[in-house]
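The sequence shown begins at 294 in my numbering and counts up by one.
All C-beta atoms, glycine included, are put in the ideal place defined by N, C-alpha and C.
Every value quoted in this text rests on a predicted model; they were computed, and no experiment measured them.
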Amino acid sequence: INNILETFMYYWYENAFLDISKLGAILGQPFKLTCQTTQQNNCGQTQQYSNINDINQLIKLAIIQGVQNVEILMWTPQQLTDGYTMSVMVNWKDSNGNILVTGNDIFYLQRVLGSPQQRGLCVKSLTSHLIYHQQVNQEQKE
């Protein structure tokens, strides 16, 4: 099963997540997306989107501006009775290879049972912890 989870992980980061139009095929229904943003001096605000059809809001939350590729640093799968959890640490990079965001994503993947053609995994929840890297202009440092 580790091969299946690894294949899913690379598909998610290298294809689907960078092309939001591909996400619908692997998200379970209903899918709940929770986004919490925390500023330096306050407790943050939480917004919830309970339907994948709210695609414009999903795009605003999911896409990190300027990301061109993803570097997977480490991942840890854990088997559950009806699926898997998977913790993945990644660096989101721009076209020059600069790290824009470091993320720790925790997936809950549920098994889909049925005919052999329908079997697979779907994402039932995803929690992302993102650390944004502030780019310092070289001229400002001097």
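With distances taken between CB atoms, is the gap from residue i to residue j smaller than 8 Å?
i	j	result
Val394	Glu364	no
Gln371	Ser388	no
Leu298	Met379	yes
Val416	Leu402	yes
What is the rounded straight-line gap between the Cα of residue i and the Cα of residue j?
i	j	result
Gln433	Tyr425	Only weak support exists for where Gln433 lies, its pLDDT of 43 falling under 50; the value from the coordinates is given anyway. If you take the alpha carbons of Gln433 and Tyr425, they lie about 19 Å apart.
Gly413	Gly390	33 Å
Thr300	Thr369	14 Å
Ser421	Asn295	21 Å
Pro409	Leu419	26 Å
Asn308	Ile392	19 Å
Asn334	Gly407	Residue confidence for Asn334 is low, a pLDDT of 45 falling below 50, so the modelled location carries little weight and cannot support an answer.
So, is residue i buried or exposed, given that buried needs 16 or more other C-beta atoms within 10 angstroms?
i	result
Val429	Here Val429 scores only 45 on pLDDT, less than 50, and its place in the model is too uncertain to base an answer on.
Val405	exposed
Tyr303	exposed
Leu373	exposed
Nearest to residue i by CA position, among the options, is which residue?
i	options	result
Gly376	Ile392, Thr300, Lys386, Phe400	Phe400
Leu423	Gln403, Asn397, Ile392	Asn397
Tyr306	Gly359, Trp385, Leu373, Thr374	Trp385
Exercise. Can you list the beta strand (DSSP E) stretches of 3 or more residues lying completely in the segment 378 to 415, in chain order?
Worked result: Qualifying beta strand (DSSP E) stretches, in chain order: 392 to 405.
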